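Quick notes on the structure that follows.
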Amino acid sequence: MTADVIVAGAGVAGLRCALALADAGLRVTVLEAAPMPGGRASSWTDETTGLQVDIGPHVITSEHRNFLAMLQRLGTDDQVLWQDRRLITLLDAKGALRMPVCGWTPPLHGLPLAPRALTRLSIPDAWSHMRLAWRAARLDEQRLREFDGDDALAMLRAMGVRPRAIDWFWRSAMLALLNVSLEQCSGAAALRVFRLMLGRSGWYFGFPKVALASLYAPGACRAVVRSGGQVLFGARVRRLRLDGDGRFAGVETADGHLLEAPRCVLALPPHDLAGVAAETDALQGLATTASYFRPAPYQSTYVWFDRRVTRERFWARTWSVQNLNTDFYDLANIRPALGSRGSVIACNAIGPQSRAEWSDERIVEHTMREIEQFAPQARQARVLHTRVHRIAMAVPQPRPGTELLRPGNATALPGAWIAGDWTDTALPCSMESAARSGALAAEGVLADMGRPTSIAKEAPETYGLPGVLRRRAAAT
1 MTADVIVAGA GVAGLRCALA LADAGLRVTV LEAAPMPGGR ASSWTDETTG LQVDIGPHVI
61 TSEHRNFLAM LQRLGTDDQV LWQDRRLITL LDAKGALRMP VCGWTPPLHG LPLAPRALTR
121 LSIPDAWSHM RLAWRAARLD EQRLREFDGD DALAMLRAMG VRPRAIDWFW RSAMLALLNV
181 SLEQCSGAAA LRVFRLMLGR SGWYFGFPKV ALASLYAPGA CRAVVRSGGQ VLFGARVRRL
241 RLDGDGRFAG VETADGHLLE APRCVLALPP HDLAGVAAET DALQGLATTA SYFRPAPYQS
301 TYVWFDRRVT RERFWARTWS VQNLNTDFYD LANIRPALGS RGSVIACNAI GPQSRAEWSD
361 ERIVEHTMRE IEQFAPQARQ ARVLHTRVHR IAMAVPQPRP GTELLRPGNA TALPGAWIAG
421 DWTDTALPCS MESAARSGAL AAEGVLADMG RPTSIAKEAP ETYGLPGVLR RRAAAT
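Residue 1 is where the sequence shown starts when you use UniProt numbering, and the numbers rise one by one after that.
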């Protein structure tokens with residue numbers, strides 16, 4: 001079988017790339033090892049209830065420019081329920097803390113949040129961020145990578161951030177956003193998130209009204225087929241084939257099929273890419289780089305109740321060594337199709353908080369206590385069904401050193417590109433990073449064909465006073 005381009009991997013990165021290439025009129029063959037598309041952002045049907053749920057609860061933000069552009073292209077952007085007034089509801093030992101969205105020019109957007117945060121932190125705790133904030137506001141994407149060799153905890157301590165602020169804010173935020181503990185987090189990865197918090201305002205969260213994969217996977221696959229391509233499942237890439245000039249010429253799948261094309265995009269997770277790349281001399285360096293990226297595991301626990309136990313869509317628990325779950329979503333308050341049914345709460349245990357050694361029964365028992373602490377009505381409700389889903393990798397861990405290792409989309413093998421959330425996108429590993437990487441890889445393929453075009457949206461940058469400080473620092 002022949003194609004103009006082979007895309008290996010039908011996750012967000014692979015499908016974003018394939019969609020862009022199909023829109024350019026190319027015949028694309030998408031190969032996916034799994035029996036369904038979506039990768040780490042796919043959805044599955046619970047066999048007991050028939051409800052489609054996601055492999056891990058996923059949230060979209062208004063800053064997901066590339067992912068939202070993909071949804072707009074597919075006509076599914078109206079299937080996102082936006083929470084544009086409340087940023088987040090936090091639960092800690094003192095109770096629920098509801099933080100509003102504010103669109104004021106940075107850094108003024110932090111003023112409405114300050115009185116609420118000061119119910120949990122002292123003024124000295126908050127003030128201890130000033131040195132860090134001054135440094136972060138003056139950084140751009142390239143300069144922040146100077147902190148990649150430090151772990152985030154050591155960096156915060158060196159900057160004078162007080163222990164209470166570290167535990168209440170930093171451990172909670174980095175666990176939720178980067179899926180890793182401070183001790184194992186790159187200082188550069190943490191600073192990227194912090195400087196954008198300082199220098200951007202008005203962003204908010206959104207939740208899929210349908211199963212997450214339904215937003216993009218069926219439409220992208222249909223677009224590929226309409227353009228004369230195909231999407232093949234159960235097709236794992238075993239090795240790459242080269243022509244006599246050492247240029248990419250095709251792939252061989254695990255079941256022995258050979259597919260030919262002059263170009264390919266490997267939109268694979270790091271560990272899968274390392275195995276494929278190791279078989280090709282020109283990609284040995286890429287294989288070594290990919291092997292440094294470790295998976296951040298997580299688990300999703302779903303609980304079906306016979307009645308509504310909360311009217312909240314989404315809440316999070318601040319960090320504590322005793323906690324299991326970080327994020328909670330009541331799908332009954334998000335998906336219109338659930339109508340007046342009882343709550344279906346999805347609970348997400350991330351990275352170091354996921355207890356791989358615990359039994360499903362113990363996880364459900366602990367999860368129920370955490371749900372009841374936020375929604376006491378759950379104590380009177382009857383549990384109809386539970387399901388624990390364990391996932392080996394949410395995202396690659398942003399460990400110290402990995403920001404400098406994140407590769408670009410081009411490779412040393414002519415005719416071959418890579419895509420994925422772990423590539424150099426100037427974004428944390430996420431669905432948005434994957435979508436931007438897929439768009440950048442498509443740009444590389446088209447440029448190689450003599451058809452340069454702009455597809456990817458730029459990563460968000462700071463503005464307001466932090467933006468002024470950043471530009472002045474860059475000019476010196």
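From the three backbone atoms N, C-alpha and C, an ideal C-beta is built for every residue, glycine too.
Source: prediction; values computed, not measured.
S201 and L139 have their C-alpha atoms roughly 17 Å apart. If you draw a 10 Å sphere on the C-beta of E443, you find 16 or more other C-beta atoms in it, and that means buried.
Under a 10 Å Cβ-count criterion, A412 is classified as exposed, with fewer than 16 other Cβ atoms of the shown protein chains found around its own Cβ.
In this structure V80 is not in contact with A41, their Cβ atoms being roughly 14 Å apart against a cut-off of 8 Å.
Counting only runs of 4+ residues, the alpha helix (DSSP H) found wholly inside the stretch 359-401 occupies 360-374, in chain order. By the criterion of a C-beta distance shorter than 7 Å, I6 is surrounded in its chain by T29, L31, V251, L259, A261 and C264, once the five residues flanking it on both sides are discounted. With a cutoff of 7 Å on beta-carbon distance, Y302 and I350 are scored as not near each other.
F305 is bridged by DSSP to V383. For I345, the secondary structure class from DSSP, reduced to helix, strand or coil, is strand.
Following the DSSP letters along the chain, one finds E141 inside the alpha helix (DSSP H) bounded by residues E141 to L144. Assignment of beta-bridge partners to P295 by DSSP yields P396.
Sequence-distant partners of S214 (beyond 5 residues in either direction) whose C-beta falls short of 8 Å from its own C-beta, in its chain, are S43, Q52, T76, Q79 and P208. Between the stretch 402-412 and the stretch 273-291, the count of Cβ pairs shorter than 8 Å is three or higher; the stretches touch.
Taking W134 as reference, the option from G256, C17, V161 and S359 with the minimal CA-CA separation is V161.
Counting only the Cα atoms, S186 lies some 5 Å from D148. Taking every protein chain shown into account, the CB of D255 has fewer than 16 other CB atoms within 10 angstroms, so this residue is exposed.
C-alpha of A33 to C-alpha of F233: approximately 6 Å in a straight line. Rounded to the nearest whole angstrom, the C-alpha separation of P124 and A188 is 25 Å. By the neighbour-count criterion, in which a residue is buried when 16 or more other Cβ atoms sit within 10 angstroms of its Cβ, S172 is buried.
Collapsing the DSSP output to three states places W104 in coil. If the five residues before and after T326 are omitted, its C-beta is found closer than 7 Å to the C-beta atoms of L175, A176, A316, R317, N348, A349, I350 and Q353, all from its own chain and listed in chain order. With fewer than three CB-CB distances shorter than 8 Å, the stretch 271-280 does not count as touching the stretch 17-28. Pairing A474 with N66 gives a Cβ-Cβ distance that is not under 7 Å. When the alpha-carbon of G14 is set against those of M159, Y463 and W417, the nearest one is in W417. Distance from the CA atom of A217 to the CA atom of I455, rounded to whole angstroms, is 19 Å. Rounded to whole angstroms, the separation of the alpha carbons of H257 and F205 is 43 Å.
Assignment of D4 by DSSP, reduced to helix, strand and coil, places it in the coil class. A distance below 6 Å between beta-carbons, with the five flanking residues on each side excluded, links V276 to the following residues of its chain, in chain order: V237.
Rounded to the nearest angstrom, the Cβ distance from P460 to E63 is 5 Å, consistent with a contact under 8 Å.
Boundaries of the alpha helix (DSSP H) harbouring F194: G187 to G199, taken from the DSSP string.
Per DSSP, reduced to three states, the secondary structure at I350 is strand.
Under DSSP, A316 forms a beta bridge with L90 and D327. Residues L191, F194, R195 and L198 of the same chain have their beta carbon placed closer than 7 Å to that of A136, with the five preceding and five following residues left out of the count. Going by beta carbons, V180 and Q397 fall inside the 7 Å limit.
With a contact defined as Cβ atoms closer than 8 Å, G438 and A267 qualify at about 6 Å. No Cβ-Cβ contact shorter than 7 Å links C102 with A419.
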